[in-house]
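Taking it in order: structure first as structure tokens, then the write-up.
Chains as they are written, first to last, in our numbering: chain A, 4 to 266; chain B, 4 to 301.
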């Protein structure tokens, strides 16, 4: 089956909530084309806003995407969404499972409240990646996120579990109140990183943050190598190369069980 | 029927439904992976008294293991889920967790999951760390040489235990040498193990005994020393019989193991001393699977 393709043909600059995309469960393309969606103060048929082709509702492509398309992949379950272009706020918000691949930049609050699945952002991500969703107390519960380039500030708040890999820099106030999970940051790290963290494992190249941590023995790198191999496999690229990282375990101030690998 | 001059009797092996699981043991080097694997699969020849039948399936190169270190894959077979669970955890705790530098991973995918490190994690006394990658959860348990990395669960799949054949030989040396050839062939195949010591059984059993407490006793019909006084299945020239028991994940895997190993024997110099190849069965009434030797070799 060919993927279901939505080619954006919206001319005006109104925000369009794309949450409806996650709940499509029919292979009937005429039915999808006739679905009513709200944009601005009026209702449109899908075919008025998108050129729709293909049929597989579990394998969706969005072409010519832009930041006015918001909440793509909201509450997503078991679908693959491939996006060409930029994505608006709330990409993969509260996502449950499936895969989102973005060939462009993500706006603010991407992956907020994510519970599972994988998100690949081949570009930058705005501020508040994995921020607390409304009414929830954890920014990300589980899942895998890869951002190829930079991530804005106030990102990754109260992460519970999962794996995040950032290929570029991350802004200030990131990883606030980290509960657990694994985070890899290959670029520079902004101010106030990992404040009030409880547990978790962090892999960084920026050694400046190591001063806050207690140096530990690194005689056994079984887990590190296992993690390195698996993350490289997930991204399909040898992104973590170091075979001799420096290991730190515990914060100097609060003696929290945060583990740091300087790679 | 003869294969390269090796006589194959018109009989069949009778095998049973079992539950199986596969684990992968890795270590810093192959020596310690082997130490752990041998210990893990020790005393696991027959479910009659061991609870589980287990064996090393194959050596795995470091490029193929989950943590990039050399290792072994091990198959375990049991009659029940509870027994498999119990044996897996006990053996992992006593033989892998204790062995320096090792890590333990699931080697099967499936929906029916059984605990692997799920309860072993408590050995970490609160210092254990959970890591989830995709849908798989791993535990890092601090130990004196560093960390024991162990996957939380492994899959359980339906499998077959008790595929077998018997080599009836003029003498013991040739019989054992032919068995070694067969075991060597099977050790290179995926999805099968030969759980007995060195892969060979000399004490084939029949169901029941004259002693009420025993559920199995010596297969007197195949004991050369009893030829004159029992209802023997052996002719006058047979002076040694050995059996190879094969457990596999599917019928096709066992078929392949029997076929390839018998062909290898038929091409060896020991074939002249092997008078025939037979198989162990219970009249076809107990086992769910019948491996007809001649059909397999057609």
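The C-beta atom is built at its ideal place from N, Cα and C for all residues, glycine as well.
Asked, Found
"Beta bridge counterpart(s) of residue 117 of chain A as assigned by DSSP", "A:143"
"Residue 147 of chain B classed as buried or exposed, judged by whether at least 16 other C-beta atoms fall within 10 angstroms", "exposed"
"DSSP three-state assignment for residue 126 of chain B, whether helix, strand or coil", "helix"
"For residue 181 of chain B, the nearest candidate out of B:32, B:278 and B:44 (CA to CA)", "B:278"
"Expected contact under 8 Å - CB spacing of residue 4 of chain B and residue 250 of chain B to nearest Å", "25 Å between Cβ atoms; not a contact."
"Cutoff 8 Å; reference residue 183 of chain A; Cβ partners in own chain excluding five residues on either side", "162, 163, 164, 201, 202 and 203"
"Contiguous beta strand (DSSP E) assignments of at least 3 residues, all confined to the stretch 44-70 of chain A", "45-48, 53-56 and 59-68"
"With 16 other Cβ atoms within 10 Å as the buried cut-off, status of residue 201 of chain B", "exposed"
"Under 8 Å between C-beta atoms of residue 29 of chain B and residue 74 of chain B", "yes"
"Neighbourhood of residue 174 of chain A by C-beta, 6 Å cutoff - its chain only, sequence neighbours within 5 removed", "155, 156 and 193"
"Cβ of residue 152 of chain B within 8 Å of any chain A Cβ", "yes"
"Limits of the unbroken alpha helix (DSSP H) element including residue 253 of chain B", "That residue, residue 253 of chain B, is in no alpha helix (DSSP H); it is neither H nor E in DSSP."
"8 Å Cβ cutoff met for residue 269 of chain B and residue 6 of chain B", "yes"
"Min CB distance residue 185 of chain A to chain B below 8 Å", "yes"
"Min CB distance residue 266 of chain A to chain B below 8 Å", "no"
"Residue 248 of chain A (DSSP reduced to helix, strand or coil)", "coil"
"Inter-stretch contact at 8 Å, needing at least 3 Cβ pairs: the stretch 79-87 of chain B / the stretch 225-241 of chain B", "no"
"Expected contact under 8 Å - CB spacing of residue 91 of chain A and residue 77 of chain A to nearest Å", "At roughly 11 Å, the Cβ-Cβ gap does not stay under 8 Å, so residue 91 of chain A and residue 77 of chain A are not in contact."
"Residue-chain proximity (residue 63 of chain B, chain A), Cβ-Cβ < 8 Å", "no"
"Residues bridged to residue 15 of chain B [DSSP beta-bridge criterion]", "B:295"
"Own chain, CB closer than 6 Å to residue 22 of chain A, minus 5 neighbours either side, in chain order", "74 and 77"
"From B:241, B:217 and B:289, residue whose alpha carbon lies closest to that of residue 224 of chain B", "B:241"
"Where residue 39 of chain B sits in the DSSP three-state scheme", "helix"
"For residue 91 of chain B, the nearest candidate out of B:167, B:191, B:255 and B:47 (CA to CA)", "B:47"
"Rounded distance between the beta-carbons of residue 173 of chain B and residue 276 of chain B, thought under 8 Å", "4 Å"
"Where residue 202 of chain B falls: helix, strand or coil (DSSP)", "helix"
"Expected contact under 8 Å - CB spacing of residue 55 of chain A and residue 35 of chain A to nearest Å", "6 Å"
"Three-state class that DSSP yields for residue 173 of chain B in the structure shown", "coil"
"Secondary structure of residue 72 of chain B, DSSP reduced to three states", "coil"
"Under 9 Å from the C-beta of residue 106 of chain B: neighbouring residues of chain A", "225, 226 and 229"
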